[in-house]
Amino acid sequence: MQMAQVLDGQDRADALAALPHWRAVEGRDAITRTYRFEDFNAAFGFMTRVALVAEVMNHHPEWFNVYNRVDVTLATHDAGGLTARDVQLAQAMDRLHDR
Numbered sequence: 016m017q018m019a020q021v022l023d024g025q026d027r028a029d030a031l032a033a034l035p036h037w038r039a040v041e042g043r044d045a046i047t048r049t050y051r052f053e054d055f056n057a058a059f060g061f062m063t064r065v066a067l068v069a070e071v072m073n074h075h076p077e078w079f080n081v082y083n084r085v086d087v088t089l090a091t092h093d094a095g096g097l098t099a100r101d102v103q104l105a106q107a108m109d110r111l112h113d114r
């Protein structure tokens, strides 16, 4: 399997423009988003659905959950920053949140 390449230039700008709810992490080549839910059960259900997708992708998020909130940070550690894999997982997470 080929190592993922860090996004730069126009590829990076296009990727971030396609993720309006995500923002860059200060001091790190990563993106972050906070998801809010009705309650803990809904937040945990979301995390479970994301875990199934992440496992298939073999690309796992950094995340933190308190009650109805899930904070997510995405970066490809072996590439040293933001890659297309992070963008794909962010898009999948947004789809799972919006359904």
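First residue of the sequence shown: 16, per the numbering used here; consecutive thereafter.
All C-beta atoms in this analysis are idealised placements derived from N, C-alpha and C, irrespective of residue type, glycine included.
Next on the checklist: I need the boundaries of the beta strand (DSSP E) containing arginine 100, first residue and last residue.
Outcome noted: Segment 99-113 is the alpha helix (DSSP H) holding arginine 100; no beta strand (DSSP E) there.
**Item:** Expected contact under 8 Å - CB spacing of aspartate 44 and glycine 95 to nearest Å
**Value:** 7 Å
query: Using the beta-carbon count (16 or more within 10 Å), is proline 35 buried or exposed?
result: exposed
**Item:** Reduced DSSP secondary structure (H/G/I, E/B, other) of alanine 19
**Value:** coil
Which two residues bound the contiguous beta strand (DSSP E) that contains leucine 34?
Where leucine 34 is concerned, there is no enclosing beta strand (DSSP E), given that its DSSP letter is neither H nor E.
What do you get for leucine 97, buried or exposed, if any count of 16 or more other CB atoms within 10 angstroms of its CB means buried? buried
So, at 6 Å on beta carbons, what are the nonlocal neighbours of tyrosine 50 in its own chain, with the 5 sequence-adjacent residues on each side left out? Val85, His112
Whose C-beta lies closer than 8 Å to the C-beta of methionine 62 among residues of the same chain, with five residues either side of it excluded?
-> Trp78, Asn80, Val85
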